[in-house]
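A.B. asks: One structure follows; several queries about it will come next.
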Amino acid sequence: MAGWSALPTWWVREPGLADFLGGGKAGASIAELKTYIGLTVLADFKTKKVKTSISDLELLTGLSRPMVIRGIKGLESRGMLNVVRDGHINHYELIISDTDDKWGKVPNDALRLHLPEIINRGAATLAALKIYILIASLRPNSARDTAIGHKKIREHTGIQTRHVRAGLDILINHGLIHIDQDESGGHSKYTMIGLKL
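Numbering (the UniProt record's numbering), first residue to last: 1 to 197.
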């Protein structure tokens, strides 16, 4: 079994991460993003399919049963997920775009360990999930890290300025990323912990 999974990233570009709204919709957006990450970790690399239970997704994401169900329904409505409901265990397929089949690597062990620890509410959590997915989508396959400035993070994700630092702190404190600050004023470099080349 590989130490990483392939996260489809077409939806990061179009309609974009900014489409996952905050405010009163932050809880639903968090549920959708955590559920998507969880299904990515479980999915077969080639087929992008997985057969799993709601209970397993609860354990993997740290979401409650109603929030997992809400996340699944939200991903279906966005055209990111196909679901075949079959009693206790459902069949899921991550949708791949016909015009954009790009994907990013995410580390299985780090996500299994730390994703459930991240709280399921608030602008900072939503920011953290968006930033993590953005880093995965932008990282060149031959590089360990991704260089990007705060302005570009905000442009790609729709995160308000005051939430970027808080989102990064969540990812750092939960052992998901490491940041190398550029002393010369260039972009910081973000490394996904647990991901090997």
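By construction, the Cβ of each residue, glycine as well, lies at the ideal position given by its N, Cα and C atoms.
Since K110 and I30 are thought to touch, with beta carbons under 8 Å apart, how far apart are those beta carbons, to the nearest angstrom?
C.D. replies: Residue numbering aside, residue 110 sits at position 110 when the sequence shown is read from its first letter. Residue numbering aside, residue 30 sits at position 30 when the sequence shown is read from its first letter. In the sequence under discussion, the amino acid at residue 110 is Ala, which differs from the Lys named in the question. A110 to I30, Cβ: 19 Å. No contact.
A.B. asks: Considering S64, what are the terminal residues of the alpha helix (DSSP H) in which it resides?
C.D. replies: Taking the sequence shown and counting its residues from 1, one reaches residue 64 at position 64. Careful: S64 lies outside any alpha helix (DSSP H) and carries neither H nor E.
A.B. asks: Got a sec? Which residues, its chain only, sit under 6 Å from I148 by beta carbon, not counting five neighbours each side?
C.D. replies: For this step, residue 148 is matched to residue 148 along the sequence shown. For I148, where only same-chain residues beyond five positions count, the Cβ hits under 6 Å are H187.
A.B. asks: Could you tell me the distance, in whole angstroms, from the CA atom of F20 to the CA atom of G3?
C.D. replies: As a working mapping, residue 20 is identified with position 20 in the sequence shown. As a working mapping, residue 3 is identified with position 3 in the sequence shown. In a straight line, the C-alpha of F20 is about 28 Å away from that of G3.
A.B. asks: Per DSSP, what kind of secondary structure is P140 in: helix, strand or coil?
C.D. replies: Position 140 of the sequence shown holds residue 140. Three-state DSSP puts P140 in coil, outside helix and strand.
A.B. asks: Since N108 is in the alpha helix (DSSP H), which residue starts that stretch and which ends it?
C.D. replies: Taking the first residue of the sequence shown as position 1, residue 108 is located at position 108. Where N108 is concerned, the enclosing alpha helix (DSSP H) stretches over 108-114.
A.B. asks: Kindly give me the distance between the Cβ atoms of T35 and T61, rounded to whole angstroms, as I take these residues to be in contact under 8 Å.
C.D. replies: Locating residue 35 in the sequence shown gives position 35, counting from the first residue. Locating residue 61 in the sequence shown gives position 61, counting from the first residue. Indeed they touch by this definition, with Cβ atoms about 6 Å apart.
A.B. asks: According to DSSP, what are the bridge partners of Y92?
C.D. replies: Residue 92 sits at position 92 when you count from the first residue of the sequence shown. Bridge partners of Y92: V50, V83.
A.B. asks: Would you check if the distance between the CB atom of L138 and the CB atom of L33 is smaller than 9 Å?
C.D. replies: Here the question's residue 138 lines up with position 138 in the sequence shown. Here the question's residue 33 lines up with position 33 in the sequence shown. Not in contact: L138 and L33 (Cβ atoms no closer than 9 Å).
A.B. asks: Pairing CB atoms from the stretch 113-129 with CB atoms from the stretch 168-182, are three or more of them under 8 Å?
C.D. replies: Result yes; three or more Cβ-Cβ pairs closer than 8 Å.
A.B. asks: Please name the residue, chosen from A166, P116, L57, that lies closest to A123 on a Cα-to-Cα basis.
C.D. replies: The sequence position of residue 123 within the sequence shown is 123, counting from 1. Checking every option, the nearest Cα to that of A123 belongs to A166.
A.B. asks: What is the residue span of the alpha helix (DSSP H) that A6 lies within?
C.D. replies: What you label residue 6 is simply residue 6 of the sequence shown in a count that begins at 1. Looking at the DSSP string, A6 is not in any alpha helix (DSSP H); the run it does join, the beta strand (DSSP E), is 4-8.
A.B. asks: Can you check whether the CB of H174 is closer than 9 Å to the CB of T191?
C.D. replies: Your numbering for residue 191 matches position 191 in the sequence shown. Your numbering for residue 174 matches position 174 in the sequence shown. Not closer than 9 Å, so no.
A.B. asks: Considering only C-alpha positions, which residue in the set W11, I119, T52, L113 is nearest to D98?
C.D. replies: Along the sequence shown, one-based indexing puts residue 98 at 98. Among W11, I119, T52, L113, the Cα nearest to that of D98 belongs to W11.
A.B. asks: Cutting at 8 Å between CB atoms, please list the residues of its own chain near E76, excluding the five before and the five after it.
C.D. replies: Residue 76 sits at position 76 when you count from the first residue of the sequence shown. Hits under 8 Å: N82, V83.
A.B. asks: Name the DSSP beta bridge partners of S188, please?
C.D. replies: By 1-based counting over the sequence shown, the position of residue 188 is 188. In DSSP, S188 forms a bridge with I148.
A.B. asks: Looking at C-alpha atoms only, which residue of P15, K48, G16, D180 is the closest neighbour of A6?
C.D. replies: Position 6 of the sequence shown, counting from 1, holds the residue named residue 6. Here the closest residue by C-alpha is K48.
A.B. asks: Cα separation between K189 and S55?
C.D. replies: For the purposes of this step, residue 189 is taken as residue 189 along the sequence shown, with counting starting at 1. For the purposes of this step, residue 55 is taken as residue 55 along the sequence shown, with counting starting at 1. Distance between the alpha carbons of K189 and S55: 36 Å.
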